[in-house]
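*Asks:* In my numbering, the protein residues as written are 3 to 256.
Don't be surprised by glycine CBs; every beta carbon is placed ideally from N, CA and C.
Dropping the structure in here first, questions after.
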């Protein structure tokens, strides 16, 4: 096992699985903290702020996790907006945490079909009127940005539709493809790597989902560790092998 200088760590399926804790992952993070090794948590979840995620992780790990150690697909979208659409009107399909981040960034949030940009994540309270306005804005020429295209997310012992299901509705209605910012696409990796401040060859990406986590690392050119603690199994490995494959993080040797 290579000696890495920094780590990018997925959340659901890696640090926990729904409401179920994964103690081996919690110990792994405590070991990183003891060794003063840089790490960042990376998630497609756009329904929580980095502050909310950091607080939850602190309660699990038992050590302080800072906001600067969390990067989300919503932050990737907002970083892009601040660079390319700072003065534009933004229509948001998302939950309160996502909208709060847009407001904190100083962007102008509107709820009309005259928006310049439509940004979309998961909104479990969305309705036809909101989707209609978003579709009309895109047909009127608005850019269409999507936090992530995850199809399902866990809820208890079942799964419910996620952001990608809303994306499918809008893409079908508009015949326009959304610009995806979450894993396995590059924007979220650019943001995480910039925050980590290390070279690709010095970083290991750790995750459970072959389609999102592991593909993100393979496409970006960083080594990957696939864990069998979440959604993917060995049979899901098809387009490129992870650098390492382990049952859980207790098998990792520093």
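Please confirm whether residue 119 and residue 147 have their CB atoms less than 9 Å apart.
*Replies:* yes
*Asks:* Can you tell which of 145, 251 and 238 has the C-alpha that lies nearest to the C-alpha of residue 86?
*Replies:* 145
*Asks:* Give me the Cα-Cα distance between residue 128 and residue 203, rounded to the nearest whole angstrom.
*Replies:* Going by the C-alpha atoms only, they are around 41 Å apart.
*Asks:* Excluding the five sequence neighbours on either side, which residues of its own chain have a C-beta within less than 7 Å of the C-beta of residue 220, listed in chain order?
*Replies:* Answer for residue 220: 226 and 242, listed in chain order.
*Asks:* Quick one: is residue 160 buried, meaning 16 or more other Cβ sit within 10 Å of its Cβ, or exposed?
*Replies:* When all chains shown are included, residue 160 counts as exposed.
*Asks:* Taking three-plus beta-carbon pairs below 8 Å as touching, is the segment 73-85 in contact with the segment 97-114?
*Replies:* yes
*Asks:* Skipping 5 residues on each side, what residues in its chain have a beta carbon closer than 8 Å to that of residue 142?
*Replies:* 115 and 116
*Asks:* Taking just the CA atoms, how far does residue 89 sit from residue 28?
*Replies:* 42 Å
*Asks:* Where DSSP assigns a beta bridge to residue 186, which residues make up the other side?
*Replies:* The partner list for residue 186 (beta bridge, DSSP) is empty, contrary to what the question assumes.
*Asks:* Taking only the alpha-carbon atoms, compute the straight-line gap between residue 55 and residue 24 and give it to the nearest angstrom.
*Replies:* 16 Å
*Asks:* Confirm, please, whether the CB-CB distance from residue 16 to residue 210 is below 9 Å.
*Replies:* yes
*Asks:* Which word fits residue 11, buried or exposed, when buried means at least 16 other C-beta atoms lie within 10 angstroms of its C-beta?
*Replies:* buried
*Asks:* Anyone know if the C-beta pair for residue 301 and residue 206 falls short of 9 Å?
*Replies:* Examination of residue 301 is not possible in this model, given that the chain is present from 3 through 256 alone.
*Asks:* Using the three-state DSSP reduction, which class does residue 18 fall into: helix, strand or coil?
*Replies:* strand
*Asks:* Where does residue 111 sit, in a helix, a strand or coil, going by DSSP?
*Replies:* Assigned with DSSP and collapsed to three states, residue 111 falls in strand.
*Asks:* Can you name the residues that DSSP bridges to residue 120?
*Replies:* 93 and 146
*Asks:* Determine which residues share a DSSP beta bridge with residue 156 and list them.
*Replies:* 161
*Asks:* Hey, how far is the Cα of residue 187 from the Cα of residue 214?
*Replies:* Residue 187 and residue 214 have their C-alpha atoms roughly 8 Å apart.
*Asks:* Find out if the Cβ-Cβ distance for the pair residue 32, residue 53 is shorter than 9 Å.
*Replies:* No, the pair does not count as a contact, with Cβ atoms beyond the cut-off.
*Asks:* Using CA coordinates, which residue listed in 133, 92 and 244 is at the minimum distance from residue 174?
*Replies:* 133
*Asks:* If you check the beta carbons only, do residue 43 and residue 67 fall under 9 Å apart?
*Replies:* It is a contact, given that the beta carbons lie within the stated cut-off.
*Asks:* Since residue 225 sits in a beta bridge, which residues does DSSP pair it with?
*Replies:* Residue 225 is bridged by DSSP to 206.
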